[in-house]
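K.L.:
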Ligand SMILES: NC(=O)c1ccc[n+]([C@@H]2O[C@H](COP(=O)([O-])OP(=O)(O)OC[C@H]3O[C@@H](n4cnc5c(N)ncnc54)[C@H](O)[C@@H]3O)[C@@H](O)[C@H]2O)c1
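Residue numbers (the working numbering): 715 to 1003.
(1) Quick one: complete alpha helix (DSSP H) runs, 4+ long, within the region 733 to 810?
(2) Looking only at DSSP bridge pairs, what is residue 859 linked to?
(3) Could you tell me which whole beta strand (DSSP E) segments of length 3 or greater appear in the region 898 to 980?
(4) So if DSSP puts residue 849 in a beta bridge, which residue, or which two residues, is it bridged to?
(5) Could you check whether residue 809 and residue 875 sit closer than 8 Å to each other, using their CB atoms as the reference points?
(6) Check residue 864 in the structure and name its three-state DSSP category.
(7) Mark residue 753 as exposed unless 16 or more other C-beta atoms lie within 10 angstroms of its C-beta, in which case mark it buried.
(8) For the candidate residues 855, 1000, 763, 870, whose alpha-carbon lies nearest to that of residue 813?
(9) Relative to the alpha-carbon of residue 818, which residue among 879, 976, 867 has its alpha-carbon at the smallest distance?
(10) Strictly closer than 5 Å from CB to any heavy atom of ligand 1: give me those residues in the order they appear in the chain.
(11) Is it right to say residue 973 is buried, meaning 16 or more other beta carbons lie within 10 angstroms of its own, or is it exposed?
(12) So, for residue 879: in the same chain, excluding its five sequence neighbours on each side, which residues have a beta-carbon less than 7 Å away from its beta-carbon?
(13) By alpha-carbon positions, which one of 903, 827, 873, 908 ends up nearest to residue 919?
(14) Identify whether residue 837 lies in helix, strand or coil by the three-state DSSP scheme.
(15) Can you name the residues that DSSP bridges to residue 896?
(16) Relative to the alpha-carbon of residue 783, which residue among 774, 724, 761 has its alpha-carbon at the smallest distance?
(17) Run the CB neighbour count on residue 998, radius 10 Å, all protein chains shown included, and call it buried at 16 or more, exposed below.
(18) Give me the Cβ distance between residue 727 and residue 736, rounded to the nearest whole Å; I'm assuming they're in contact under 8 Å.
(19) Is residue 890 a contact residue of ligand 2, with contact defined as CB to any heavy atom under 7 Å?
(20) Roughly how many angstroms lie between the CA atoms of residue 795 and residue 841, to the nearest whole one?
(21) When you compare only the Cα positions, how much space is there between residue 887 and residue 907?
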């Protein structure tokens, strides 16, 4: 799916649960070189502390750079060090859960709203701008979204940012097409990661997905399927796809009128229902008699 020896910058590593980690590993397994970015040196220490499942050799083999996407100089520095690259995964998002997620859309915490927009949306434009210099032969930029055409409980300002992110993907795809650089989003179903845990009642969202997804959805193991789609979009078999939001969500957001799995008991035919009602009536009448 990717050219052997191609190089990708994978941004948004927090721990081995991160979508960025799943995608980075997949790229490496396919013969790619991966430059992972963490937000700060402190975050790198956290990554090492929390990644007990990685051997010392595995940790030593990973190339890390630091990059806080809200600091333009750090983004510039990052891409000044990478050399030529074939693509970037922007797997980054943040909204203060105390103010931007929760019961009500209203919050007077405008600085938090701005910060969430900067990190979760606008940073894709900054990253794309500086990455472009490193993709002289063309390339692919992929970001992560969550269904933004519907309103989900408690997702509040993050939902707004995902809608904006998808609009930004279209605008960037339009601008960078002439450089043969593609820009797309993968809209994933709910996955158990640190970012997800900060969404109030995430477990409810995950349960809902299980009920409404035509394909079985597993919040832990389907990270691999999302990573597969990321790799496809970064690689050589998606060369004419740009400006798109590709849904990797088990089909859940395509489903209306709920029921499933598998179209449940309510769907008895009206004739069967009527017969059941008649039989019940008869039984009651017989009892009375
Ligand atoms: N987990 C899900 O259910 C799910 C579903 C759809 C989309 N997504 C999106 O996937 C992306 C990755 O999230 P994840 O679920 O892997 O969680 P995660 O917590 O592992 O990753 C989020 C990353 O964003 C980074 N980040 C936050 N602020 C930053 C900043 N200023 N500079 C640089 N990095 C910063 C964090 O350090 C972290 O590495 C996010 O955009 C998220 O909204 C997640």
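From the three backbone atoms N, C-alpha and C, an ideal C-beta is built for every residue, glycine too. The structure displayed is predicted, hence computed values, not measured ones.
P.N.:
Taking the coordinates as given:
(1) As far as the region 733 to 810 is concerned, its whole alpha helix (DSSP H) runs of at least 4 residues are 733 to 743, 755 to 764, 770 to 775, 786 to 795.
(2) Bridge pairing for residue 859: 901 [DSSP].
(3) Counting only runs that start and end inside the region 898 to 980, the beta strand (DSSP E) elements of at least 3 residues fall at 959 to 962.
(4) None; residue 849 has no bridge partner.
(5) The answer is yes: Cβ separation under 8 Å.
(6) Coil, per DSSP.
(7) The Cβ neighbour count for residue 753, taken over all protein chains shown within 10 Å, is at least 16; the residue is labelled buried.
(8) Scanning 855, 1000, 763, 870 for the CA closest to the CA of residue 813 turns up 870.
(9) Measuring C-alpha to C-alpha distances from residue 818 to each of 879, 976, 867 identifies 867 as the nearest.
(10) The filter returns 726, 728, 732, 733, 753, 782, 783, 784, 805, 806, 807, 808, 833, 858, 860, 902, 904, 905, 907, 908, 909, 910, in chain order.
(11) The C-beta of residue 973 has fewer than 16 other C-beta atoms within 10 Å across all chains shown, which makes the residue exposed.
(12) Cβ neighbours of residue 879 within its own chain (closer than 7 Å, five residues either side excluded): 834, 835, 838, 857, 859, 899.
(13) Nearest to residue 919 by alpha-carbon distance, out of 903, 827, 873, 908, is 903.
(14) Here residue 837 carries a helix assignment [DSSP, helix/strand/coil].
(15) DSSP output for residue 896 lists 854 as bridge partner(s).
(16) Closest option to residue 783, Cα to Cα, is 724.
(17) The residue in question, residue 998, is exposed, as its Cβ has fewer than 16 Cβ neighbours within 10 Å.
(18) Not a contact, Cβ separation roughly 10 Å.
(19) Ligands in the displayed structure: ligand 1; ligand 2 is not one of them.
(20) Looking at the backbone, the Cα of residue 795 and that of residue 841 are separated by about 14 Å.
(21) Going by the C-alpha atoms only, they are around 28 Å apart.
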